[in-house]
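Numbering (the working numbering), first residue to last: -4 to 322. Every residue, glycine too, gets a C-beta built ideally from N, C-alpha and C.
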Amino acid sequence: MYHANKRVLVTGGAGFLGSHLCERLLESGAEVICVDNFFTGTRRNVEHLIGHKRFELVRHDVCFPLFVEVDEIYNLACPASPIHYQHDPVQTTKTSVHGAINMLGLAKRVRAKIFQASTSEVYGDPSVHPQPEEYWGNVNPIGPRSCYDEGKRCAETLFFDYNRQHKVRIKVARIFNTYGPRMHPNDGRVVSNFIVQALQNQDISVYGAGEQTRSFCYVDDLVAGFMKLMATGDDVIGPINLGNPGEFTIRQLAELVIELTGSRSRIVEFPLPQDDPKQRRPVIEKAKAQLGWEPKVHLREGLGKTIAYFDQLLKENDRSPAVAASE
């Protein structure tokens, strides 16, 4: 390679996680190629980076091959919220599987290191709690969530087979629930749902009695984990859990959001969706030992920043009805 700076490709780079990663990579001095088909990502997330001399934005679907010269690849391309990935489940599976094949093929050709954004969904509705990386999971292979769960599981298989068969340098992270600014307001995920409903003083939708648990990691912590994993030697390949081991019930989260927003919202219960995991919390001992990583941002602090983002977004949409209608 004849360039001075490290060249990094981020697929799904205009999405929630990808846009934060692009920012952090630029801060580190890297040249960044941000690839997105804008199915769930948006130019708004990266428009402040357009014009940066080391940033390039490319509209492209990873289901088709991409030919670029890079040193590292972060493969984040795939809708991650149930509303979005169930909208077109066949395409969701294709994005996970064909996307992995295409990006791994690129990494093989140009000898790049490649990072896979896998997910805690590979554990399904876990019968082991909390979830260590050695747990193989409890996934329904034919349910409404399986396009995402099984797509990501197959992607992990491909990554490890490319490593064994072709010596591709891989890094696999299993991402647990993450939140922060630039989440899509209509993605159906619990943090964005609760904040948008609370800011508008609407009823807050809780499924079941709200006793199912989740662990919430702030986006800045997660992206730091991505970069620490990518920076490890070739002997560290994962999978490694990245998430916050602090566990809360969904009802506790709803009550905290109401408190922080000063909302008049009421909590209203709805039936549980099919295959919705009852509990989710990562074991992060590998991340601590191998990456020197653990989350630092407390839930109350992170929610405050996220609420401020959505409050501004809703005010902008109120001033621009056409924009609000299109989202």
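Three-state secondary structure assigned by DSSP to residue i
i: E280; result: helix
i: G10; result: coil
i: D31; result: strand
i: Q197; result: coil
i: G297; result: helix
i: A102; result: helix
i: E42; result: coil
i: F189; result: helix
i: A107; result: coil
i: I165; result: strand
i: Y69; result: strand
i: F265; result: strand
Euclidean distance between Cα positions of residue i and residue j
i: Y143; j: E296; result: 30 Å
i: R276; j: G238; result: 8 Å
i: D198; j: Q160; result: 53 Å
i: E129; j: A204; result: 31 Å
i: H93; j: K291; result: 35 Å
i: E51; j: Q111; result: 21 Å
i: R54; j: T173; result: 25 Å
i: A327; j: T88; result: Absent from the structure is residue 327, since the part of the chain shown begins at -4 and ends at 322.
i: L71; j: L20; result: 14 Å
i: I109; j: G183; result: 29 Å
i: V23; j: M222; result: Inspection of the sequence shows that residue 23 is occupied by Ser rather than by Val. One C-alpha to the other measures close to 10 Å.
i: V263; j: V201; result: 6 Å
i: V57; j: R259; result: 43 Å
i: R2; j: N158; result: 21 Å
i: N188; j: A95; result: 30 Å
i: I28; j: L12; result: 15 Å
Residue i, buried or exposed, once every other Cβ within 10 Å from all chains shown has been counted against 16
i: L267; result: exposed
i: F59; result: exposed
i: M225; result: buried
i: I253; result: buried
i: E42; result: exposed
Of the residues the options, the one placed nearest residue i, counting alpha carbons only
i: D66; options: M98, S210, G46; result: M98
i: P240; options: I68, K89, R39, P127; result: P127
i: I68; options: C17, S210, E280, V231; result: C17
i: N236; options: S260, S258, F211, V278; result: V278
i: L61; options: R148, D31, S260, S200; result: D31
i: L255; options: N196, H124, G8; result: N196
i: E64; options: E42, G46, V105; result: V105
i: C149; options: S91, V163, D120; result: S91
i: T208; options: V185, I253, G175; result: V185
i: V163; options: G100, R140, E206; result: G100
At least 3 beta-carbon pairs within less than 8 Å: the region 188 to 201 vs the region 132 to 141: The region 132 to 141 and the region 188 to 201 do not touch, with fewer than three beta-carbon pairs separated by less than 8 Å.
Three-pair Cβ contact test at 8 Å for the region 240 to 248 versus the region 176 to 184: When C-beta atoms of the region 240 to 248 are compared with those of the region 176 to 184, fewer than three pairs fall below 8 Å, so the two segments do not count as touching.
The region 216 to 229 touching the region 163 to 170, judged by at least three CB pairs closer than 8 Å: Counting Cβ pairs under 8 Å, three or more are found: they touch.
Three-pair Cβ contact test at 8 Å for the region 249 to 267 versus the region 102 to 122: Between the region 249 to 267 and the region 102 to 122, the count of C-beta pairs closer than 8 Å stays below three; the two stretches do not touch.
The region 146 to 157 touching the region 301 to 311, judged by at least three CB pairs closer than 8 Å: No: the two stretches stay apart, fewer than three of their Cβ pairs being nearer than 8 Å.
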